[in-house]
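Structure record follows, encoded as structure tokens.
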Amino acid sequence: MPAMVPVPATLPERPTDVGAQVNAAFRTFGTHARAVFAPALAGQLLALLPYLAMPEVGSEPAAAAELLDWLARPATWALLVAVSVAQLHLSCVILYRLGCRGRGRDPGLPASFQHGLQRTAAAVASLLLYLAGLAAASLPFLLLVGLAAASGQGALSGLLALAALFSCALPVWWSLAAGLALPAVVLERRGPIAAIGRSLALVRGSWWRISVVLGVVLLVHLAVSMVLGTVLAIAAMAGLASAPGTGGPGSGWMLALQLLLSPVNALLLILLFSGLLAVFNDRVRAVEHAASGG
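When we follow this note's numbering, the leftmost residue of the sequence shown carries the number 593, and every step to the right adds one.
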């Protein structure tokens, strides 16, 4: 067990209301973001590696075929898998150090990296289980959409489309119900199946509270992301206008622009994890409080 250095705690020691959880999320971000900024930025820079390996293409059909050929190569998929696993490891590092610091104890960056390495395999397995569950929950929606499209434009098609709309609740439910699995893997050293079960148990009965807290954090995240997306789109159109045929995803100036945006994206990731930890901490505290008869 690494030696812990006392730091200001930002996650409450007792279960709290929604407003206090939102406040805890932003306090955790504001107080501890600097401590995990390096691994968060490293993850954003790793995401640029596939773009560096991507052929520089324009908008011609031949260029599109070249890009598809690059995507079909086994080496490309190996690179994508390696980058994804490395990013998940860095997510474990961020969650562990951010979660420990939120409770007033800092294990330090080296110990956090070591802990992240120990939990990466379980994190990968829990993510695969999460994605499998999400795919299964999405099947009714996809089936109903297909039936609605095949039935023409009559009343049956409208009913199927309405049913498809309501079936969207299933993947939304699963995303929320299993969304606390990664903190359970990292902070509680649970296996992938046990982490999914832990998440389901923690979320049960607190759907609206968790939805509101994460919703507020996501709204801030989306607002900043929309501004960044607008800037990126304007820059892309300006680049295409000034140098036609050079605006492909592998072009150097697009990589430079994404490199400039990497620090902001790293901060947004830390903000999301801060919201996730605020919810996770509250639900764990609630279980502990109930178990102690408080």
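Don't be surprised by glycine CBs; every beta carbon is placed ideally from N, CA and C.
Keep in mind it's a predicted model, so treat the numbers as computed, not measured.
- Boundaries of the alpha helix (DSSP H) harbouring Val685: 666–694, taken from the DSSP string.
- Rounded to whole angstroms, the gap between the alpha carbons of Met818 and Ala728 is 30 angstroms.
- For Arg796, no alpha helix (DSSP H) encloses it, and the DSSP letter there is neither H nor E.
- Setting aside the 5 residues that flank it on each side, Arg801 is surrounded in the same chain by Val610, each with a C-beta closer than 6 angstroms to its C-beta; the list follows chain order.
- Beta-carbon to beta-carbon, Leu603 and Arg695 are separated by about 5 angstroms, close enough to satisfy the 8 angstroms threshold.
- With contacts defined by Cβ atoms closer than 7 angstroms, Leu736 and Leu752 form a contacting pair.
- In this structure, Ile788 lies near Ala770, with their beta-carbon atoms less than 7 angstroms apart.
- For His681, the closest alpha carbon among the candidates Ala634, Leu660, Val805, Leu851 is that of Ala634.
- Distances from the alpha-carbon of Val871 to those of Gly746, Leu861, Leu806 put Leu806 closest.
- Counting only unbroken stretches of 3 or more residues, no beta strand (DSSP E) element lies wholly within the region 596–622.
- Bridge pairing for Arg697: Pro598 [DSSP].
- Of the residues assessed, Ile785 falls on the exposed side of the cut-off, its CB having fewer than 16 other CB atoms within 10 angstroms.
- Taking C-beta atoms as the reference points, Gln613 and Ala858 fail to come closer than 7 angstroms.
- Here Gly708 carries a helix assignment [DSSP, helix/strand/coil].
- Distance from the CA of Val876 to the CA of Leu847, rounded to the nearest whole angstrom, comes to 41 angstroms.
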